[in-house]
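Enquirer: Protein chains in written order, with my numbering: chain A, 31 to 263; chain B, 3 to 292.
We put the beta carbon where it would ideally sit given N, CA and C, even for glycine.
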Ligand SMILES: Nc1ncnc2c1ncn2[C@@H]1O[C@H](COP(=O)(O)OP(=O)(O)O)[C@@H](O)[C@H]1O
Ligand SMILES: [Mg+2]
């Protein structure tokens, strides 16, 4: 579904991604792991069209996404739930969710709103509240809910567990499993290694802008040496 | 008793002018709130719209209240195009460039108006120009009452668009969280241009409401826009409610200080108030706390 080949990208003169190749198939949860600052968010921003790669290819459902503006990437069904949530703080929870279907799946907005509320009942309770007044965990749920409103074909989650209490982290990973259970492909970008490997089918590890390890999540989990060397556990 | 009547009529006149000020300020504050830029061509664009009303009336005999129905979409399109294909591409997100581009636009428009219409002050004659109606003991100018009602109606309509439509919500989303908006599939360049177009459309409506009672020369718009900037700061940069309330307050202050210091010094009150607000509450009445 998503095929990335030798992707190079960065900011101005600064090259952050130095040849990333990975793929995500339909129905998979693929986790992309790596320490702080290795380029995970840069990868997501490049895939979603916020920044343009200097070289390499991105194919989504067979079509190239290189040079495509974010609105067209969303229209294609690749939905990126960003690090730091980036919800609309001055608008109600409901308006935030509705804007998730601004570009895609607008015709099924009310049905999808019900679905989002079913997955995140707390958002229903707070649907009229300003999004900026939600707790961190609720804001994360809102950001994911907004992404789901577009009926993603592939959902990219950038550090959804960042800044959440341990209890909420647990809940968040369960929710991600649940969202993926009806066949939605998820690319889960995380620093939370153990829990990410627990729910993912496959995993990639980024170091210094390059993929250094790739394989089945179960294999990576049992590879103690790898965990020690690369993830400092 | 007579004193009170004069006072009341000054307040009423102030409210009526203030509503049109508010309409102009609404466009400025919306553009500032969403694009975070100040368009220095606002005054020249308002003047251009006023000459548009003048031309429509003198050449084709079209009443200003009819002209509003084609000048408004025309100015929306002009504003959209100029942001989308001139200001946006020329600015590269650099504020200095935006300043130069909008200033350049202002100079081009003003000089074009000077070349075509010369510096004479002009007005139009409409049959209802001096009509008044009696409200209690007050005599209110009909065209200014119409301007008041229309300006408030436009403000209400704008508020409804911003809160009740996808495009309006997208405008508010872009204003506060641009990256989030892009990732929701909102085309930010399009929304910027729509917002700029709305600002221009507000100027066109204001021009149609002003022309039955005001005169125009190639610099008229600047005087109005200067007052409107005061309102934007007074109401809080980017605040729609602030622009509306601020506009009404400024209208009344101007009218009352005109009464106190004489007609030609009416704007002294505005600038005194402006300075006081800057000292006491620099974020404006409705502005976010710093
Ligand atoms: N907007 C930016 N401009 C310049 N450099 C950036 C920008 N954002 C991130 N970087 C740099 O790019 C590198 C990778 O950052 P990022 O992709 O955010 O890493 P991660 O998400 O893995 O923590 C870091 O060195 C960071 O300082
Ligand atoms: Mg990151």
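Just to confirm, are residue 204 of chain B and residue 66 of chain B a CB contact at a threshold of 9 Å?
Expert: Result no, Cβ atoms of residue 204 of chain B and residue 66 of chain B do not sit closer than 9 Å.
Enquirer: So, at 8 Å on beta carbons, what are the nonlocal neighbours of residue 153 of chain A in its own chain, with the 5 sequence-adjacent residues on each side left out?
Expert: Same-chain partners within the cutoff: 123, 127, 146, 147, 168, 171, 172 and 175.
Enquirer: By the 7 Å beta-carbon criterion, what residues does the segment 178–194 of chain B contribute toward chain A?
Expert: Listed by position, the residues of the segment 178–194 of chain B near chain A (Cβ gap below 7 Å) are 178, 179, 181, 182, 184, 185, 186, 187, 188 and 189.
Enquirer: Do residue 248 of chain B and residue 236 of chain B have their beta-carbon atoms positioned less than 9 Å apart in this structure?
Expert: Yes, the pair counts as a contact, with Cβ atoms nearer than the cut-off.
Enquirer: Are three or more beta carbon pairs between the segment 99–114 of chain B and the segment 127–136 of chain B nearer than 8 Å?
Expert: No, because fewer than three Cβ pairs between the segment 99–114 of chain B and the segment 127–136 of chain B fall closer than 8 Å, the two stretches do not touch.
Enquirer: Does any CB atom of chain A fall closer than 9 Å to the CB of residue 291 of chain B?
Expert: For residue 291 of chain B, the predicted model reports a pLDDT of 48, less than 50, meaning its position is unreliable; a value from the coordinates is still stated below. So, not an interface residue.
Enquirer: Report yes or no: is there a C-beta of chain A within less than 9 Å of the C-beta of residue 5 of chain B?
Expert: No - not a single Cβ of chain A is within 9 Å of the one on residue 5 of chain B.
Enquirer: Does residue 161 of chain B get closer than 9 Å to chain A when you measure Cβ to Cβ?
Expert: No, no contact with chain A.
Enquirer: Does the segment 54–66 of chain B come within contact of the segment 226–246 of chain B, defined as at least 3 CB pairs closer than 8 Å?
Expert: The answer is no - the segment 226–246 of chain B does not touch the segment 54–66 of chain B, with fewer than three Cβ pairs under 8 Å.
Enquirer: Quick test of your reading: residue 215 of chain B and residue 145 of chain B, contact by CB under 8 Å. State the CB separation rounded to the nearest angstrom.
Expert: Confirmed, about 5 Å.
Enquirer: Where does residue 241 of chain A fall in DSSP's three states?
Expert: Residue state, collapsed to three classes: strand.
Enquirer: Between the beta-carbon of residue 129 of chain A and the beta-carbon of residue 175 of chain B, is there less than 9 Å?
Expert: Yes, these two residues count as a Cβ contact at 9 Å.
Enquirer: So, residue 172 of chain B versus residue 22 of chain B, is the Cβ gap smaller than 9 Å?
Expert: Their beta carbons are not under 9 Å apart, which means residue 172 of chain B does not touch residue 22 of chain B by this criterion.
Enquirer: Can you give the Cα-Cα distance for residue 125 of chain A and residue 184 of chain B, rounded to whole angstroms?
Expert: For residue 125 of chain A and residue 184 of chain B, the distance between alpha carbons rounds to 16 Å.
Enquirer: With 16 as the cutoff for other CB atoms within 10 Å, does residue 5 of chain B come out buried or exposed?
Expert: The residue in question, residue 5 of chain B, is exposed, as its Cβ has fewer than 16 Cβ neighbours within 10 Å.
Enquirer: State the DSSP-derived secondary structure class of residue 53 of chain A, mapped to helix, strand or coil.
Expert: Strand, per DSSP.
Enquirer: Alpha carbon to alpha carbon, how far is residue 18 of chain B from residue 182 of chain A? Give it in angstroms, no decimals.
Expert: When rounded, the distance between both Cα atoms is 51 Å.
Enquirer: Kindly provide the ranges of any alpha helix (DSSP H) runs that are 4 or more residues long and lie completely inside the segment 144–202 of chain B, ordered along the chain.
Expert: If we require 4 residues or more, the alpha helix (DSSP H) runs fully inside the segment 144–202 of chain B come out as 144–166, 168–178 and 180–185.
Enquirer: Quick one: grab the DSSP three-state call for residue 188 of chain A.
Expert: Three-state result, residue 188 of chain A: strand.
Enquirer: If we cut at 9 Å on Cβ distances, does residue 172 of chain B have a partner in chain A?
Expert: Closer than 9 Å to some Cβ of chain A, the Cβ of residue 172 of chain B qualifies, so yes.
Enquirer: I'd like to know if residue 168 of chain B contacts chain A, where contact means its C-beta is closer than 9 Å to some C-beta of that chain.
Expert: By this cut-off, residue 168 of chain B is an interface position.
Enquirer: Between the segment 207–222 of chain A and the segment 52–68 of chain A, do three or more beta carbon pairs fall short of 8 Å?
Expert: Touching, yes, given that three or more Cβ pairs across the two stretches are closer than 8 Å.
Enquirer: In whole angstroms, what is the alpha-carbon distance linking residue 303 of chain A and residue 104 of chain B?
Expert: There is simply no residue 303 of chain A to check, as chain A begins at 31 and stops at 263 in what is shown.
Enquirer: Mind reading off the beta-carbon distance from residue 39 of chain A to residue 81 of chain A? Whole number of angstroms is fine, and I expect it under 8 Å.
Expert: That pair is a contact at about 6 Å.
Enquirer: I'd like to check one pair, residue 86 of chain A with residue 239 of chain A: are the Cβ atoms closer than 9 Å?
Expert: No. Outside cutoff.
Enquirer: Can you tell me which of B:27, B:38 and B:15 puts its alpha carbon nearest to the alpha carbon of residue 143 of chain B?
Expert: Taking only the C-alpha atoms, the option nearest residue 143 of chain B is B:15.
Enquirer: How would you label residue 138 of chain A, buried or exposed, when you count the other beta carbons within 10 angstroms and need 16 or more for buried?
Expert: By the 10 Å Cβ count, residue 138 of chain A comes out exposed.
Enquirer: Go ahead and label residue 165 of chain A buried or exposed: buried means 16 or more other beta carbons lie within 10 angstroms of its beta carbon, across all protein chains shown.
Expert: Residue 165 of chain A comes out exposed.
Enquirer: Where does residue 159 of chain A fall in DSSP's three states?
Expert: Coil.
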